[in-house]
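These notes are about the structure you will find just below.
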Amino acid sequence: MSETQIHTLPANYTATTDLLGDKVILVTGAGDGIGRVAAITFAQHGATVVLAGKTLEKLEAVYDEIEAMGLPQPALCPLDLMATDLDTYKNVAEVIEEEFGRLDGLLHNAGVLGDHATLASYKPKPWLDVMQVNVNGAFLLTQALLPLLKQSPCASVVFTSSSVGRKGRAYWGAYAVSKFATEGMMQTLADELDSISKIRVNCINPGATRTRMRAQAYPAENPETLPTPEAIMPLYLYLFGDDSVNTNGCTFDAQPK
Ligand code: NAP
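In this note's numbering, the protein residues as written are 77 to 333.
Structure below.
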């Protein structure tokens with residue numbers, strides 16, 4: 077079996093301040109952790125960010141932060157990825173269509189960890205919930221937004237993977253399986269869109285990053301020893317900026333080993 081090639085940020089890459097000027101980018105899980113910092117960072121580089129996520133108060137706080145910095149006015153998009161009805165996702169597309177007419181970027185960042193248990197003992201409810209948020213919700217959102225991504229002169233879709241989505245690990249259960257599925261969804265979509273559209277599709281594995289999810293997975297770890305979400309943003313900027321326009325179907329490590 078051939079091993080998947082892991083890509084990294086090109087050496088000496090620096091994002092210009094106006095890298096994402098005029099781009100409309102939707103970030104899921106924009107209220108906390110990596111998604112919050114990605115949304116703010118994209119706005120700092122000129123993007124109009126659509127803040128999608130579960131907890132409205134958190135999204136509003138990020139909205140206020142972006143506004144207070146005098147950056148392009150973001151849009152609020154409450155979205156619970158536990159939703160299984162197509163209308164929820166169609167509504168997101170309709171709102172973006174009405175307001176912007178196109179979408180230039182989609183960062184699938186929202187995720188849940190689920191239980192730490194063997195597959196033999198994993199409970200069905202948390203299993204299904206993890207699959208819904210991490211895989212099915214991302215699929216339904218992508219499908220609903222594809223027509224808008226096709227309206228962009230060059231669009232970028234980025235899925236969020238994990239090291240346990242490339243090599244399985246005991247007790248990581250639904251989370252690990254969902255991240256394998258995420259890599260598969262990225263590869264399948266990238267291949268389908270290759271040479272028939274201007275949409276590129278790639279994955280980022282953020283690596284160990286100082287967030288609530290990481291603390292939940294490793295409660296005994298000192299968070300101060302971990303890179304912050306801000307530290308991994310250069311790769312996110314690269315994949316949403318036009319420098320990566322010819323990069324499709326690749327999986328990246330934000331923290332090269
Ligand atoms: P986090 O701080 O826990 O943030 C997760 C985000 O997902 C939150 O904004 C959360 O919203 C949102 N979310 C959860 N359930 C949702 C739902 N049902 N609908 C919509 N949004 C929902 O985690 P993070 O560390 O930033 O993780 C971001 C991504 O990186 C995830 O895909 C994760 O698997 C991946 N990752 C992280 C690490 C790491 O070390 N941190 C390593 C590898 C991969 P609420 O706050 O409103 O619940």
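Even glycine gets a Cβ: it sits at the ideal position worked out from N, Cα and C. Since the model is a prediction, treat every value here as computed from it, not as a measurement.
Roughly how far, in whole angstroms, is the beta-carbon of Tyr89 from the beta-carbon of Pro310, given that I think they are within contact range, below 8 Å? 6 Å
Buried or exposed for Trp255, please, with buried defined as at least 16 other CB atoms from any protein chain shown within 10 angstroms of its CB. Note that residue 255 is Lys in the sequence shown, not Trp. By the 10 Å Cβ count, Lys255 comes out buried.
If you reduce the DSSP assignment to three classes, tell me which class Gly181 lands in. strand
Using CA atoms only, rank isn't needed, just tell me which of Gln219, Val206, Ala214 and Leu183 is closest to Ala123. Leu183
If you scan the segment 267-316 from start to end, which runs of the beta strand (DSSP E) of 3 or more residues do you find wholly inside it? 275-281
Looking at the secondary structure, which residues open and close the alpha helix (DSSP H) in which Ala337 lies? Since the first and last residues shown for the chain are 77 and 333, residue 337 lies out of range.
How many Å lie between Leu225 and Pro299 at the Cα? 37 Å
Put Gly97 into one of helix, strand or coil per three-state DSSP. coil
Give the straight-line distance between the Cα atoms of Met289 and Ser228, rounded to the nearest whole angstrom. 33 Å
Taking the C-alpha atoms as reference points, what is the distance between Thr117 and Leu102? 13 Å
Name the DSSP beta bridge partners of Ser232, please? Gly181 and Arg276
Residue of Gly244, Thr304 and Asp319 minimising C-alpha distance to Arg276: Asp319
Under 8 Å between the Cβ atoms of Asp156 and Lys130? yes
For the 8 Å Cβ check, are there 3 or more pairs between the segment 201-210 and the segment 174-183? no
On the criterion of 16 or more Cβ atoms from any shown chain inside 10 Å, does Ile272 qualify as buried, or is it exposed? exposed
Between Tyr139 and Pro148, is the Cβ-Cβ spacing less than 8 Å? no
Tell me where the beta strand (DSSP E) around Asp156 begins and ends. It is not in any beta strand (DSSP E) - Asp156 carries neither H nor E in the DSSP assignment.
Between the segment 190-205 and the segment 239-257, do three or more beta carbon pairs fall short of 8 Å? yes
Can you tell me whether DSSP reads Val188 as helix, strand or coil? coil
CA-to-CA distance, Val188 to Tyr198, given in whole angstroms: 15 Å
For Arg286 and Leu302, I'd like the C-alpha separation in whole angstroms. 5 Å
Got a sec, what are the start and stop residues for the beta strand (DSSP E) Val126 sits in? Thr124 to Gly129
Residue from Lys333, Tyr312 and Glu174 with nearest C-alpha to Asp239: It should be pointed out that residue 239 corresponds to Ser in this sequence rather than to Asp. Taking only the C-alpha atoms, the option nearest Ser239 is Lys333.
So, is Leu217 buried or exposed, given that buried needs 16 or more other C-beta atoms within 10 angstroms? buried
Near Thr104, which residues of its chain fall below 6 Å by C-beta distance, leaving aside the five closest residues on each side in sequence? Ala128, His184, Asn185 and Ala186
Please determine whether the Cβ atom of Pro282 lies at a distance below 7 Å from any heavy atom of the ligand NAP. yes
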